[in-house]
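Student: The structure under discussion is supplied below as structure tokens; questions concerning it will follow.
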Amino acid sequence: MKWFSLFLLLLFSIQPAYSQQFPLADKLNGKYETFKEEEIQQRRFKHSDIEPLIKQLASDPAFEVSTAGYSVEGRPIYLIKVGDGDTNVLFWSQMHGNESTATMALFDLFNFFSENNDQFSDKRNELLENTSLYFIPMLNPDGAERFERRNVLDIDINRDALRLTSPESQILKSVRDSLNPEFGFNLHDQSSYYSVGRSAEPATLSFLAPAYDFEQSENEVRTNAMRLIGYLNAMLQQYIHGKVAKYSDAHEPRAFGDMIQKWGTSTILIESGGYPNDPEKQYIRKLNFISLLTAIDAIAGRKFAKINVDRYYQIPENNRSLTDLLIRRVNMVRKNKKYLVDIGISRRQQIVDSTSYYRATINDIGDLSTSHGYKELDGNTIEVHPGKIYPDTLKNKQAVQQLDFIKLLRKGYTDIIIEDAPDASYLDNIPLNIVAREDYSNEISLGSVPNFILKEDGHIRQVIVNGYIFDTKDDQATSIRNTLVIK
Ligand SMILES: [Zn+2]
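Sequential numbering of the sequence shown, starting at 1, is according to the numbering used here.
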């Protein structure tokens, strides 16, 4: 009996994800570099960066490019069409200005459709004969200009679907109403700190078939979105096994996804989250490209129709339980006493002009047994002490550059006080922080920058500088991406 139930369990756990084949996704995965738009390599880009690419598309007879309207600051918002089939599909990205991953993938997708003589030609023709694909890349160009979520009126466009105060919201509504698409793709980014259910896996992609009422009812419009999500999840398990989640089904009447579902378009929300060692989300961009083409193929060939709705509900919900570095069960020394704690550290990207750097913060101290880290250190024999401050005050950055950094790190130094601070907020060639304050201390406390020493048996094993780990066995400090200028 036991063996039989184990057999059944195995059968059911294997069957949903692996019984299907996805030959198109496999081929796209192998040939992605051919279609990747090389002009965009980082998450932060502006309307002026995509405009020349859109102008180029306008000269390609396969595409129709029109101006759907203008943002508050007068930037044109484009509507791009490819294909002549009966089924209309609408994609819109970056209604939140700092959520650009899918926009990058849309330009890869345009490159795919502008090609006409390769191994994908038959498939491409089939897709374009069966569907008319409409795209609004970067719905919120003013927000993208500042890399901020909201538009320049400080309105969250995704809470403006009913009142339609912002011109960007009016554009999305009027495009939707004029096309009445069968499917809509609402393309966003979410924090990289979401995990899949209670697991330690990051929610690399999260999906939702938004509910059109508070009862979370299911009509054909919504269940078709659920079926397609079930199909995409099965495909994605081959690439990011265990890293796909489902967003909460709770209804938000002001959100576009929920309303567009209500207005009769099967709507799929895709949230690009986090993936290990992919801060610029270039792998997640590739996954978007494969997912969107797999979705178009499933729509063109009605492949979603036979997928059971249960496949949607089987996807675990996303859960905000991740951090960048989690140090478990260490003895924090505070006021000369030891306390056994976990320490959570996040590294947040900061933008200055057109460059970025990372500023780390201690975001939690205590029992973090329900949290996970992209990187974890563990050890109840470890003691955590504040990082040491170099005993001499130096004149300037040039004087600091004369020091032997590896030697200093191995002794537990994390900070150097200087008289003349440089203008910069960060350093990427000095693995210790520069401090322009005499009263500086490295107390281990909530909200402070994690600069500390991990000791075991009286020896310094690791030094944490701005949240990055330096192992004292290392000869180089390349693991420290950047340090801070503290003023
Ligand atoms: Zn968003």
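Just so you know, even glycine gets a beta-carbon here, dropped at the ideal spot from N, CA and C.
As the structure is a prediction and not an experimental result, all values here were calculated from the model.
1. Select from E73, V196, H96, A58 the residue whose C-alpha is nearest the C-alpha of L79.
2. Determine the extent of the beta strand (DSSP E) in which A68 is found, giving its start and end residues.
3. Would you call the CB atoms of P167 and G69 closer than 8 Å?
4. Report buried or exposed for S13, applying the criterion of at least 16 other Cβ atoms within 10 angstroms of its Cβ.
5. Is the beta carbon of E168 within less than 7 Å of some heavy atom of ligand 1?
6. Nearest-angstrom Cα distance between Y468 and S71?
7. Taking DSSP as the reference, what is the three-state secondary structure of I486?
8. Per DSSP, which residues does G184 bridge with? Please list them.
9. Okay, do the segment 157-175 and the segment 108-121 touch, 3+ Cβ pairs below 8 Å being the bar?
10. Under 8 Å, do A203 and I268 count as touching if we go by C-beta distance?
11. Below 8 Å CB to CB, which residues in the same chain sit around Q170 once its five sequence neighbours on both sides are set aside?
12. Comparing alpha-carbon positions, which option in T483, M332, N180, Y358 lies nearest D86?
13. Rounded to whole angstroms, what's the CA-CA distance from Y358 to N125? Just pull it up for me.
14. In three-state terms, what does DSSP make of F434?
15. Could you pull out every residue in the same chain whose Cβ sits closer than 6 Å to the Cβ of Y339, ignoring the five residues on either side in sequence?
16. Which value, in whole angstroms, describes the spacing of the CA atoms of Q41 and K286?
17. For M138 versus T101, is the C-beta distance shorter than 8 Å?
18. Could you name the residues, in chain order, whose CB is less than 5 Å away from a heavy atom belonging to ligand 1?
19. Taking DSSP as the reference, what is the three-state secondary structure of R348?
20. In terms of residues, what are the limits of the alpha helix (DSSP H) holding L236?
21. Can you grab the Cα-Cα spacing for the pair E438 / K395, in whole Å?
22. Take the Cβ of N151 as the centre, count every other Cβ of all protein chains shown within 10 Å, and call the residue buried at 16 or more, exposed below.
23. State the beta-bridge partners of R328 as determined by DSSP.
24. Would you call V384 buried or exposed, if buried means 16 or more other Cβ atoms sit within 10 Å of its Cβ?
25. Run the CB neighbour count on V400, radius 10 Å, all protein chains shown included, and call it buried at 16 or more, exposed below.
26. So is G301 buried or exposed if we call it buried at 16+ other beta carbons inside 10 Å?
27. Measuring CB to CB, does N363 end up less than 8 Å from S346?
28. Within 10 angstroms of the Cβ of Y312, are there 16 or more other Cβ atoms? Answer buried if so, exposed if not.
29. So who's on the other strand from S356, going by DSSP bridges?
30. Using the three-state DSSP reduction, which class does D474 fall into: helix, strand or coil?
31. Rank A200, I260, E252, Q261 by C-alpha distance to the C-alpha of A245 and give the top, closest one.
32. In whole angstroms, what separates the C-alpha of I305 from that of M259?
33. Please name the residue, chosen from L292, I460, T483, that lies closest to F183 on a Cα-to-Cα basis.
34. Using the C-alpha atoms, what's the distance from D49 back to E215?
35. Please name the residue, chosen from L106, I77, G366, E99, that lies closest to G91 on a Cα-to-Cα basis.
36. From which residue to which residue does the alpha helix (DSSP H) around I260 run?
Tutor: With the structure as the only source:
1. Along the sequence shown, read from residue 1 onward, the residue named residue 79 stands at position 79. Cα-wise, what sits closest to L79 is A58.
2. As a working mapping, residue 68 is identified with position 68 in the sequence shown. A68 -> beta strand (DSSP E) spans 63-70.
3. What you label residue 167 is simply residue 167 of the sequence shown in a count that begins at 1. What you label residue 69 is simply residue 69 of the sequence shown in a count that begins at 1. Taking the C-beta atoms as reference points, G69 is found nearer than 8 Å to P167.
4. Counting from one through the sequence shown, the residue named residue 13 turns up at place 13. Below a pLDDT of 50, predicted positions are generally treated as unreliable, and S13, at 49, falls in that range; no measurement from the model is reported.
5. Position 168 of the sequence shown, counted from the start, is the residue given in the question as residue 168. No, the Cβ of E168 stays beyond 7 Å of every heavy atom of ligand 1.
6. For the purposes of this step, residue 468 is taken as the residue at position 468 of the sequence shown. For the purposes of this step, residue 71 is taken as the residue at position 71 of the sequence shown. Rounded to whole angstroms, Y468 to S71 spans 40 Å at the Cα level.
7. In the sequence shown, counting from the first residue as 1, residue 486 sits at position 486. Three-state DSSP puts I486 in a strand.
8. The residue labelled residue 184 in the question sits at position 184 within the sequence shown. L90, T267.
9. With the cut-off at 8 Å, the segment 157-175 and the segment 108-121 do not touch.
10. Looking up residue 203 in the sequence shown gives position 203. Looking up residue 268 in the sequence shown gives position 268. In this structure, A203 lies away from I268, with their beta-carbon atoms at least 8 Å apart.
11. Walking along the sequence shown from the start, residue 170 turns up at place 170. Within the same chain, Cβ atoms closer than 8 Å to the Cβ of Q170 are found at G69, L164, the five residues on either side in sequence being excluded.
12. Locating residue 86 in the sequence shown gives position 86, counting from the first residue. Closest in C-alpha terms to D86, from the list T483, M332, N180, Y358, comes N180.
13. Along the sequence shown, one-based indexing puts residue 358 at 358. Along the sequence shown, one-based indexing puts residue 125 at 125. Computed Cα separation, rounded: 45 Å.
14. Here residue 434 corresponds to residue number 434 of the sequence shown, with the count starting at 1. A quick correction: the sequence has Ile, not Phe, at residue 434. Judged by DSSP in its simplified three-state form, I434 adopts strand.
15. Sequence index remark: in the sequence shown, residue 339 carries index 339 (1-based). Result list for Y339: M332, in chain order.
16. Position 41 of the sequence shown, counting from 1, holds the residue named residue 41. Position 286 of the sequence shown, counting from 1, holds the residue named residue 286. Taken atom to atom, the span from the alpha-carbon of Q41 to that of K286 is near 12 Å.
17. Taking the sequence shown and counting its residues from 1, one reaches residue 138 at position 138. Taking the sequence shown and counting its residues from 1, one reaches residue 101 at position 101. No; because the gap between Cβ atoms is not below 8 Å, this pair is not in contact.
18. That gives H96, E99, H188.
19. Residue numbering aside, residue 348 sits at position 348 when the sequence shown is read from its first letter. For R348, the secondary structure class from DSSP, reduced to helix, strand or coil, is strand.
20. Your numbering for residue 236 matches position 236 in the sequence shown. 220-236 is the extent of the alpha helix (DSSP H) around L236.
21. What you label residue 438 is simply residue 438 of the sequence shown in a count that begins at 1. What you label residue 395 is simply residue 395 of the sequence shown in a count that begins at 1. Taking the straight line joining both Cα atoms gives about 13 Å.
22. Translated into the one-based positions of the sequence shown, residue 151 becomes position 151. Answer is buried; the Cβ neighbour count reaches 16.
23. Taking the sequence shown and counting its residues from 1, the one referred to as residue 328 is at position 328. Beta-bridge partners of R328 (DSSP): D378.
24. On the sequence shown, position 384 is the one that residue 384 refers to. That one is buried.
25. As a first step, residue 400 must be located in the sequence shown, where it is residue number 400. Flag for V400 reads buried.
26. What you label residue 301 is simply residue 301 of the sequence shown in a count that begins at 1. That one is exposed.
27. Stepping through the sequence shown from its first residue, residue 363 is reached at position 363. Stepping through the sequence shown from its first residue, residue 346 is reached at position 346. Yes, they are a contact pair.
28. The residue labelled residue 312 in the question sits at position 312 within the sequence shown. So Y312 ends up on the buried side.
29. Working through the sequence shown from its first residue, we reach residue 356 at position 356. Looking at the DSSP assignment, S356 forms a beta bridge with I351.
30. Here residue 474 refers to the residue found at position 474 when the sequence shown is read from its first residue. Of the three classes helix, strand and coil, the one that applies to D474 here is coil, per DSSP.
31. Taking the first residue of the sequence shown as position 1, residue 245 is located at position 245. Here the closest residue by C-alpha is A200.
32. For the purposes of this step, residue 305 is identified with residue 305 of the sequence shown, where counting begins at 1. For the purposes of this step, residue 259 is identified with residue 259 of the sequence shown, where counting begins at 1. The sequence given here places Ala at residue 305; Ile does not occur at that position. A305 and M259 have their C-alpha atoms spaced approximately 23 Å apart.
33. As a working mapping, residue 183 is identified with position 183 in the sequence shown. Ranking the options by Cα distance to F183, first place goes to L292.
34. For the purposes of this step, residue 215 is identified with residue 215 of the sequence shown, where counting begins at 1. For the purposes of this step, residue 49 is identified with residue 49 of the sequence shown, where counting begins at 1. If I take the Cα positions, the gap works out to 43 Å.
35. Reading the sequence shown from its first residue, position 91 is the one you call residue 91. What sits at residue 91 in the sequence shown is Phe, not Gly. The residue with the shortest Cα to Cα distance from F91 is L106.
36. Position 260 of the sequence shown, counting from 1, holds the residue named residue 260. Looking at the DSSP string, the run of the alpha helix (DSSP H) that includes I260 is 256-262.
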